[in-house]
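So in full-length UniProt numbering, spot 1033 of the sequence shown is number 1033, and the numbers just go up one at a time. Right, one structure below, let's go through it.
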Amino acid sequence: MDLPSKLDNTESVTKFLRNKDTSVDEIYNFVIDILYNDNDQNCLPYKEKFILELLIDRISQSSKLTQKFKQSEKTWKLFNFIWNKCKADSRLISVRSKVLSRLKFGEVFTKIFAELSAAGLYKNTELVDELLKTVDSIINSTRIHLSDDQNLMIINHLLEFAVKEPQYTTETHQRLLSLVIVFFQQNNKGNLKYDNKHRAEFAKLCLPNLLMAMEKHATPKIKDSLSSIIVQLLFSETDPDNVVSLIGCFSKAENASSLGESEILDLLRLIIPKISIGKLEEVAQILVSAFPQYSAVLIKEIAEMNKSLSSTFLSNLVEEALGRKDGDSHKLIIYSIRRNADICLKYTDKICELCQENSEFSMPLLKELFDSYAKNRDLDLFVKIWSDLISKYPGSIFESDSFIDYVSLKYVTLSNTQLSALVETEVNEYIGSPNQNPIFLLSICKGLLKAVSGSIQNAVSKTLLHNLLHLKALLVSLVALKGQYCWKLRFYIFSLFDVEELADDAKYLVNQKHENDSYYFFTMLRIFEQNTDLANDKFTKNLDSFYRKKSDSRFKSVLFSRFFMILEELLEVNKIKKFVEVFLKESNQEVVRKVFSNPLIQTRPKIMSCLIEECIKHNKMTNYLQFISVYAFTKTQRQQVLDLMVERLDDHSSMLIIENILKMPTYKSKLETEFDSLLKLARKGCQFSSIIVKIMNIHLQQPTESAKYIHQFTNSIAEVINKISPRTLLDSTDYLELFLLFVKDCTFNDPKMNTLKEKLIETAVKEITHLLSDTDNLSAENIEWILTFLTEINFCSKVEVKIDSLKVIVSQLGEKYTCHREMKLTIFRYICSLDDIYKPSYVIALFLVLNTRELDDTIDLYLSNLASREEDFLETWINIHKSFEESNPEDIESYIRLFTLMIKNVQKPTVAEKVKTIHRVFVSSISQIYHEVLKNDYLTKDIVALLNCLKTTLSTKTWIFTQYATELNLAFISHISSMLLNREDEYLVKNCYVELCQVTSSVILYQRKRISNRHHMINSVLTSLLKTLLARAYYIRGEGSLAFERLVSNLCEPNANNLYVKQTDNSSKDIEINNALSQIKSAMRKFIPVVIFNYITFYLKYQVDPSIKHELENAIFMMIDLLTLNELNYINRSLDHQSRQVFRNIYEEYKKFYKWNENS
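Below you can see the structure in the form of structure tokens.
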């Protein structure tokens, strides 16, 4: 830094700092590097006062020079530096306050924020961050006064910064929004409020950005405060009806178009509870006009209020929507007619006209229209409208199967009288005009068919069957009629009744001349299903001709999905082949998949054989084979498919097909009998590993029959291993991958095969390790592969292979690849697999130095092997604990992960003294973790993993928990729960809370005896968990509340299996168990009231989130259920008036919903 030659006295220093030619950077560097340097010899008395005065003087001036000063992050950094220096000295704090009293905060900072906005400097994240720290410091230590104009403009700029610049840190965004809250409250508290003019300005300038900032950057707590600002702004005590005018101003804001659906909905949700329905309609009209793209969701939100909306309001919305004809307009009409049926009647014609355009939104709208008529009990009127629509718009959505299906059930569940009258009217009309579409009669038949087929629930089914009996005569009378739609109607009638009941009609139809109508053939097939004697060759010829020449894809699909059984009966194999060939060629994959996946068709051997043969014949159809059960294939077909798939391994479906077919091995396919085919799979990658293992196991299960194959396999592997060298390694990897699968995943029942495997392992390890002695001819990738291979072999095999100078080889590799991260991790994995060659202390030290989660699985495997050596394992644990005591805070996560794995893998020693030692080291470890977590406020997913491990250990290794360990864990749980109150990571909060509840549950289930007289600890844990659940419900939600309910259930309803009673005869044992349960519940009655006191306190403090309400209430009801009248009266007398009212409400709900259910 270039400085004047002499700055050795107060005059020269002050002159330098006050000089207008001295830049901000020079002042900053001088103050930080020289003035506050420990070795500084310069003399500047009251330097804090001088620098603060200088800064305030510069930022208060208006000139080009001071503008640069205000727009430099160094200015605000310096201000914050001096501010913090003053904190430690009460004298300096007083000086600081006097200096700040000269600052015209409102005037200065309004201008600063405006200049930053105009110059786009809000993008300078460091500048904004330092400036916000300054503002925060000033307003928290000094009383400031702002005019409403200044207050509003500062808020506007803060919100503008928050919305426009997404690169700010989370902390900066939170500080921006917190300052918004503070500034608003500054001018809106007590009797001090914005006037109507400034409320309107706020709505126009600030409200859009406020909504966007709430949605994108606010934490739940800040969001609640910002929501309060909006409510306070819109609903003034002096003029509550001004909300309509304010929303009008808001809708005209320049940046209103940037608002998304969620922001507009948030605003509406704040407004809905506060105003009358009339005012709400006015607000909604403004919002719908300003944001037509969100009109549907806005009206849906209002519609769900269960309040009546005026016909005028809804009519205006529908009129506007009918003119737009887009997706949102359809939704808007749906919500409108759902709220008011009169709208439906008024606009039926226009709505139907809109529906016939048949867009993706037409069907939901049409269904809603029908529902509206159903609610009004105008179904007979809808029948007439429907018939007219069919005539007016033939082939439209009004006669689609989906709409007929939807309508059918509504009609058929009418009373018998109503339904009979409607059907009789329609039957008479159809008899008079048999060429019209009997849409209503078809819908009735479809609805009744659901009762016959049993596809709906029993209660409705009984009603439908009852109606069917009364309608039988009317429906059967239509069979003899002839007309355009007669065969469709006949098909449904014959589907409703057995052919035996309509024998004469069936014979009459069979003798009719055939017609080229899909439903003619469906009707005939339906008749033949029940009486094959009526079938004849003439029909099958006609069916064959129609199928090949005139039928559409739907007919073919129905034939194979509905009539496949009768098809197999009527047609010969060669005909079925032709039918199958045409079906596969003309149908899309989804239709074929549905047909193939039907378990019933897979029981038809002729059809399935033809389907499979056709798929095998054509390359493009082989993927259909994945949908067919293995049991549908013949043995020959299975062999053909496996041989075919070996040649098509690149096809994604091939793996699925091979896995399916191998459920029933053929022992004859190339894949099962040729080693080269197995090698092909290996070369395709690990996705075929499961298939390779399956094939190997097939042969290992029959070693005598498969001796030749096994001999070829092992000889090939042995030959490759014996000839392996750096030059041949690349060509050998496929063989070695096969060998690895052979060793790791295959099942060996034959002792001879086990011996052979061990010999191969010994040879492989020696030969491949030998390659590492000279790595000059090996690339880093090859060395990594070798080490990974050896690691896998060592971990899965118990064969001891002693190799001289192994440590030297590993050491040389470590020195050669000191900067190669992946190689270092691979070497470490290899070291772990060598078991007792390296000392555990060395392995653990390496793990801590490498410090990466990628090695957790490896060290877990290492420790699981080490656990079998009691002395080494115990010594390792003690050394880790000692090391942890001397470690740095940044290493805490590695140690917690290590302790978690030690606890997971520990085994109970055979010697009692060692058990005591493990007790001591376990308690010391938990205690040390507890201490470090609290000291460093450390709470991450590592703690969640530790809690999960403790939960499992409590149930599987109860011997490790002493009295002290149990109590220590409860204290740990209580504090961790409290730490969750200030965490914002949703994943962490939810998962950690669930684990805390489950660990506590495990303590209660498996260590209840140890806590029988430690109710104060259970009290503390339950209270802490209750508070966290209510305070952090937004993050914890249903999963956490369910875990808490389960915890209380385990506490209040002890499991008799986990109670300790003397071993006596069964009758005495039952008495002892009952006595033990009574004692436990009696003891709990002493502390449960305290938990309920705390619950009521938290209930009044926090709003109960709906997502946790049900489970939380159940938990409290379980506690109340334990109490006698004495405890209930004690609770009631101990509460103040407000709390007592809450308790009474809880108790009333308990009697109404819980106790009644229990006794029912």
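The beta-carbon is built from N, C-alpha and C at its ideal position, and this holds for glycine as well. Note that this is a predicted model, so its numbers are computed, not measured.
Quick one: using the 10 Å Cβ neighbour count with 16 as the cut-off for buried, is residue i buried or exposed?
{"i": "Glu1148", "result": "exposed"}
{"i": "Asp38", "result": "Legend: pLDDT at Asp38 = 48, less than 50; position of this residue unreliable, value from coordinates given subsequently. Result: exposed."}
{"i": "Asp342", "result": "exposed"}
{"i": "Ile1120", "result": "buried"}
{"i": "Ala912", "result": "exposed"}
{"i": "Phe79", "result": "buried"}
{"i": "Trp959", "result": "exposed"}
{"i": "residue 1164", "result": "As shown, the chain starts at 1 and ends at 1160. That puts residue 1164 outside it, with no answer to give."}
{"i": "Cys819", "result": "exposed"}
{"i": "Leu787", "result": "buried"}
{"i": "Pro208", "result": "buried"}
{"i": "Leu736", "result": "buried"}
{"i": "His217", "result": "buried"}
{"i": "Tyr987", "result": "exposed"}
{"i": "Glu319", "result": "exposed"}
{"i": "Phe1153", "result": "exposed"}
{"i": "Val696", "result": "For the record, residue 696 in the displayed sequence is Met; it is not Val. Result: buried."}
DSSP three-state call for residue i: helix, strand or coil?
{"i": "Ala845", "result": "helix"}
{"i": "Ile837", "result": "coil"}
{"i": "Cys344", "result": "helix"}
{"i": "Lys15", "result": "helix"}
{"i": "Asp148", "result": "helix"}
{"i": "Asn188", "result": "coil"}
{"i": "Pro909", "result": "coil"}
{"i": "Leu939", "result": "coil"}
{"i": "Cys819", "result": "coil"}
{"i": "Phe546", "result": "helix"}
{"i": "Asn1132", "result": "helix"}
{"i": "Ile892", "result": "helix"}
{"i": "residue 1176", "result": "Beyond the ends of the chain as shown, which are 1 and 1160, falls residue 1176; an answer cannot be given."}
{"i": "Phe522", "result": "helix"}
{"i": "Phe183", "result": "helix"}
{"i": "Ala965", "result": "helix"}
{"i": "Pro166", "result": "coil"}
{"i": "Ile275", "result": "coil"}
{"i": "Met1119", "result": "helix"}
{"i": "Ser251", "result": "helix"}
{"i": "Ala256", "result": "helix"}
{"i": "Asp498", "result": "coil"}
{"i": "Met664", "result": "coil"}
{"i": "Lys513", "result": "coil"}
Just to confirm before moving on: does the CB-CB distance between residue i and residue j stay below 9 Å?
{"i": "Thr142", "j": "Ser101", "result": "yes"}
{"i": "Met655", "j": "Gln687", "result": "yes"}
{"i": "Leu279", "j": "Ser315", "result": "Going by the sequence as given, residue 279 is Lys instead of Leu. No. Outside cutoff."}
{"i": "Leu116", "j": "Leu131", "result": "yes"}
{"i": "Ser974", "j": "Ala1043", "result": "no"}
{"i": "Thr1023", "j": "Arg1085", "result": "no"}
{"i": "Lys957", "j": "Val906", "result": "yes"}
{"i": "Lys331", "j": "Phe361", "result": "yes"}
{"i": "Asn598", "j": "Phe564", "result": "yes"}
{"i": "Val921", "j": "Leu874", "result": "yes"}
{"i": "Leu760", "j": "Ile710", "result": "no"}
{"i": "Leu419", "j": "Tyr411", "result": "yes"}
{"i": "Lys904", "j": "Thr953", "result": "yes"}
Are there three or more Cβ pairs, one per stretch, closer than 8 Å when the region 670-684 is compared with the region 634-648?
yes
Any contact of the region 1022-1037 with the region 1001-1014, i.e. 3+ C-beta pairs under 8 Å?
no
Mind the definition here: the region 228-235 touches the region 1099-1116 only if three or more C-beta pairs lie below 8 Å; say whether that holds.
no
Please determine if the region 531-541 and the region 576-591 are in contact, where contact requires at least 3 C-beta pairs separated by less than 8 Å.
no
Three-pair Cβ contact test at 8 Å for the region 627-640 versus the region 596-615:
yes
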